[in-house]
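A short write-up of the structure that comes next.
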Amino acid sequence: MTQTEQEGFLFLSEDEPEQEILHSEYWDVLIVDDDPEIHSVTQLALSGVLFWDKPLRFHHAYSGKEAVEYLSSNHEIAVVLLDVVMETDDAGLCAVKKIRDQLHNHNIRIILRTGQPGYAPEESIIRQYDINDYKTKTELTRSKLVTSLITAIRSFQQLREMAKQSNGLKDVITASKAILGISDIKDFSKAVITQLAEVLGCEPSGVLCGVLDSEDKVSVLGGSLEYSSYFDLGIEQLDNGRIIHQVQQCLTQRAHQQTDHDITFLAPCSGRNAAIYLELHEKLTDSQLQFAEIFLTNVSVGFDNVKLIDRLKDAAYTDSLTGLSNRTDFVEQIGAFAARKGRNHRLYLIDIEKFSDINNGLGQDVGNMLLQAVSSRLQAELPSAQIIARIGADVFAIVIERNVTSPQYINQLLSLPFRAGEHLLPINFSLGICEEEYFDPSGLQTLKTGYIALNLAKSQSQFNYEFYLPEMEEKMTWRLGIIRQLRQDFSEGKLQVWYQPQIDLATKKVIGCEALLRWPTDDGQFISPVVFVPLAEYSGLIVDIGQWVLAQACQQQKELEALGYKIRMAVNVSVPQFRNIDFVKQVKQTIAEHQVEPGFIELEVTESIVMDDPTAVIAVLTELKSLGIEIAIDDFGTGFSSLSYLQKLPLDRIKIDRAFIKDIPNEDAEAIAELIIALGKKMKLHTIAEGIETQAQADYLIKAGCEEAQGFMYSKPLPSRELVQFLQNYLH
Numbered sequence: 235m236t237q238t239e240q241e242g243f244l245f246l247s248e249d250e251p252e253q254e255i256l257h258s259e260y261w262d263v264l265i266v267d268d269d270p271e272i273h274s275v276t277q278l279a280l281s282g283v284l285f286w287d288k289p290l291r292f293h294h295a296y297s298g299k300e301a302v303e304y305l306s307s308n309h310e311i312a313v314v315l316l317d318v319v320m321e322t323d324d325a326g327l328c329a330v331k332k333i334r335d336q337l338h339n340h341n342i343r344i345i346l347r348t349g350q351p352g353y354a355p356e357e358s359i360i361r362q363y364d365i366n367d368y369k370t371k372t373e374l375t376r377s378k379l380v381t382s383l384i385t386a387i388r389s390f391q392q393l394r395e396m397a398k399q400s401n402g403l404k405d406v407i408t409a410s411k412a413i414l415g416i417s418d419i420k421d422f423s424k425a426v427i428t429q430l431a432e433v434l435g436c437e438p439s440g441v442l443c444g445v446l447d448s449e450d451k452v453s454v455l456g457g458s459l460e461y462s463s464y465f466d467l468g469i470e471q472l473d474n475g476r477i478i479h480q481v482q483q484c485l486t487q488r489a490h491q492q493t494d495h496d497i498t499f500l501a502p503c504s505g506r507n508a509a510i511y512l513e514l515h516e517k518l519t520d521s522q523l524q525f526a527e528i529f530l531t532n533v534s535v536g537f538d539n540v541k542l543i544d545r546l547k548d549a550a551y552t553d554s555l556t557g558l559s560n561r562t563d564f565v566e567q568i569g570a571f572a573a574r575k576g577r578n579h580r581l582y583l584i585d586i587e588k589f590s591d592i593n594n595g596l597g598q599d600v601g602n603m604l605l606q607a608v609s610s611r612l613q614a615e616l617p618s619a620q621i622i623a624r625i626g627a628d629v630f631a632i633v634i635e636r637n638v639t640s641p642q643y644i645n646q647l648l649s650l651p652f653r654a655g656e657h658l659l660p661i662n663f664s665l666g667i668c669e670e671e672y673f674d675p676s677g678l679q680t681l682k683t684g685y686i687a688l689n690l691a692k693s694q695s696q697f698n699y700e701f702y703l704p705e706m707e708e709k710m711t712w713r714l715g716i717i718r719q720l721r722q723d724f725s726e727g728k729l730q731v732w733y734q735p736q737i738d739l740a741t742k743k744v745i746g747c748e749a750l751l752r753w754p755t756d757d758g759q760f761i762s763p764v765v766f767v768p769l770a771e772y773s774g775l776i777v778d779i780g781q782w783v784l785a786q787a788c789q790q791q792k793e794l795e796a797l798g799y800k801i802r803m804a805v806n807v808s809v810p811q812f813r814n815i816d817f818v819k820q821v822k823q824t825i826a827e828h829q830v831e832p833g834f835i836e837l838e839v840t841e842s843i844v845m846d847d848p849t850a851v852i853a854v855l856t857e858l859k860s861l862g863i864e865i866a867i868d869d870f871g872t873g874f875s876s877l878s879y880l881q882k883l884p885l886d887r888i889k890i891d892r893a894f895i896k897d898i899p900n901e902d903a904e905a906i907a908e909l910i911i912a913l914g915k916k917m918k919l920h921t922i923a924e925g926i927e928t929q930a931q932a933d934y935l936i937k938a939g940c941e942e943a944q945g946f947m948y949s950k951p952l953p954s955r956e957l958v959q960f961l962q963n964y965l966h
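Structure follows, in structure tokens:
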């Protein structure tokens, strides 16, 4: 017996006076033998033994079956003194097998005893079933019995401690999984208290305190039910001085605080610490404190994650430039707002007109300062607004009671110039307005209605605002349907290019054709270009369609040239095509691919295209002109172009709009036509009149000096095959 064992295992001296010693803890020993005398002798031999200040307490079973039944409901037994031969020759061994395999009790220590040496188990059996010792009853003297018991109890205690460690670690792992992944700080704090109490085996009564924002205020972040009403309040608001003191001490000293009634853990986190207060009813063991430390590591990680998620939410729901709600937050807020089913509010979408010009002309920094100035004015002047958000690069959204403001008031509010750095900028706005009765629980749907009204406000000139009406959406749905069908028919090759001949008024020869886009329907009819061309431009599809029309015109020019008709092809160009950075490159490639002489291709632009961005358009047209391509300005006189820009354009031809031709002979119409023709001659440009239907119109234009013409008098637009027939008949 070692010195340590001797110190831990004591016998009461026989000459000590008998007195009752009260103990609260025991080593429980089960004696299993079918001989009652063995029970008495064993108990007598071991009476008065103390091990680590704990006496033995004996339990009895008289068969292997009875032992197994007893152990199935009594889990504190440390050692079993088990007879091998009882109701059967191997009853003891059968009991061992059931204890290990059925009861799954692997901590209990087993000492086999037998009075019949011939029935000794083999060594493999002892190893297989984890039998602590084996002795014959004759060799089990008191001294040997005590020694075997010492070894067994020590082994039992070690196994039990290992099991506690294993279970404790499992509890920590389970608790850690329970808190990680929670993004709401209140829910996270409650879970921390619950799981920490589970790890420590105490009641889940406590609170988590810390700092989430940039302030130094220590707040209640959550905890058990009795502290839930204190969420986000400073800890000084708690009706418990002990908690306030312990939490402050913990955070100030950066160390755990423990008393007989509570413990406050410090959870170190990135930048800021948190304190976890938990009430106790008994002192914690060293092992429990170790498990708590492991768990706190995960609490720190989880707390940092929650703070990170809060910052990500700010980034996800706040416009970083203005500090207003962003589009994502607005959609969620307006969806919840609409669920109230109220009728007293309005949504205003406010769009800054030509904001890109400010960014391009004055720089993005000035543009950002303008947005901040608009945001500040809206917040200052509309304090009763339920929602103010920036939902686009230059679009703001406001939800406010309808009797508080009006479109006229919003216009007045925004009419004063805005200070943007050293600039004082007068800005125009467009407003899309939606009444609350049209709000939808789907925030995106409500936003859609606002944009429908806003887009209409931007496209009409009478006012700068428009109220949403359901029929607008029907019209928008129709427009989208047309665009979708146009896209499909274009991809399937259903669109056609027709050609209207252009005539030299002096020689009556065909000198050119204008390529005109046609969209046939399945019933043999045609959808008017007045309907679908603006939609193609709106959708951007006109870029691809326009390039295809140019290719068709080039192909037609080469086919006619092969037949002996060398005439030019005029092709219309839209605003979106000019905005395409590859436009010039594509035109050059298309002409080269079809081997067309550039002088036999004419690009027609309208005044609206020129005025969209005069400087850029002039640069593009000049580059095209340098390739040898001819340039015509279409529908001249119908727009509001500046003559200063007109003289800078590299033009070859002016087209007189049919609006000035149809009323000839009429003095006013004649005067305008004469003025345009005279302007063309002064600028050394050719003039061509559109829409000529009568000989009288043709005669007058010849007299006025117009050089070229096209119209129904000569020919309507023709498909390719009919154009060839027309040329054959016209020229022969």
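Numbering-wise (my numbering), the sequence shown opens with residue 235 and increments by one. Where is the CB? At the ideal position from N, CA and C, for every residue including glycine.
query = Run through DSSP, which three-state label would W286 get?
reply = coil
Rounded C-alpha distance that separates L500 from S463 = 23 Å
ask   = For S274, which of helix, strand or coil comes out of DSSP?
value = helix
ask   = By Cβ distance, which residues of its chain are closer than 8 Å to E513, with the 5 residues on each side in sequence left out?
value = C436, E437, S439, G440, H495 and D496
ask   = Among D869, E941 and E259, which one has its Cα closest to the Cα of G746?
value = E941
key: Distance between I621 and A614 (C-alpha atoms, nearest Å)   = 13 Å
query = Which residue or residues does DSSP assign as beta-bridge partners of L678?
reply = None, per the DSSP bridge assignment.
task = Give the secondary structure of F499 by DSSP, where H, G and I count as helix, E and B as strand, and everything else as coil.
result = strand
key: Closest Cα partner of L775 within the set A386, L434 and S808   = S808
request  = Ignore the nearest five residues each way along the sequence and tell me which others in K819's own chain have a CB closer than 7 Å to its CB.
outcome  = none
Straight-line gap, I584 to F630 (C-alpha atoms, nearest Å) = 5 Å
query = Exposed or buried, S307, counting other C-beta atoms within 10 Å across all chains shown (16 or more means buried)?
reply = exposed
inquiry  = Given this structure, state the Cα-to-Cα distance separating A796 from W732, to the nearest angstrom.
reply    = 19 Å
key: Three-state class that DSSP yields for T210 in the structure shown   = Nothing about residue 210 can be read from this structure; the chain reaches only from 235 to 966.
inquiry  = Looking only at its chain, what residues have a beta carbon closer than 6 Å to the beta carbon of V318, apart from the 5 residues adjacent to it on each side?
reply    = G326, L346, T348 and Y353
message = If I measure Cβ to Cβ from E748 and keep anything under 6 Å in the same chain, skipping five residues before and after, which residues do I get?
response = Q734 and A804
query = Taking Cβ positions only, does Y304 come closer than 9 Å to chain D?
reply = Judged by its chain identifiers, the structure shown contains no chain D, having just a single protein chain.
Spatial distance of N602 from I815 (CA atoms) = 26 Å
query = Where does T711 sit, in a helix, a strand or coil, going by DSSP?
reply = helix
Bridge partner(s) assigned by DSSP for P754 = F760
query = Rounded to whole angstroms, how far is the Cβ of L558 from the Cβ of R624, which I believe are closer than 8 Å?
reply = 5 Å
Pick from Q336, R713, L751 and L729 that is closest to Y772, judged by C-alpha positions = R713
message = What does the alpha-carbon distance come out to for the pair D553 and Y672?
response = 26 Å
ask   = For the stretch 800–842, which segments carrying the beta strand (DSSP E) assignment without a break, of at least 3 residues, lie completely within its bounds, in sequence order?
value = 802–806 and 835–840
key: Nonlocal neighbours in the same chain, by C-beta distance under 7 Å from I311, ignoring five residues either side   = D262, L264, H293, L305 and I342
request  = Quickly, what does DSSP pair L720 with across the bridge? List them, please.
outcome  = None, per the DSSP bridge assignment.
key: Rounded C-alpha distance that separates A509 from F465   = 15 Å
inquiry  = With DSSP as the reference, identify every bridge partner of C747, one or two as the case may be.
reply    = P735 and M803
query = What's the call for R955, buried or exposed, on a 16-neighbour Cβ count within 10 Å?
reply = exposed
message = Within 10 Å of its beta-carbon, does K517 have 16 or more other beta-carbons around it, so buried, or fewer, so exposed?
response = exposed
key: Supposed close pair K792, V830 - CB separation, criterion 8 Å   = 6 Å
ask   = For V839 versus I801, is the C-beta spacing smaller than 9 Å?
value = no
message = Taking 8 Å as the limit between beta carbons, can you name the residues of its chain near D599, skipping five residues before and five after?
response = G655
query = Of all the options E635, P617, L665 and L612, which has the alpha carbon lying nearest to the alpha carbon of L647?
reply = L612
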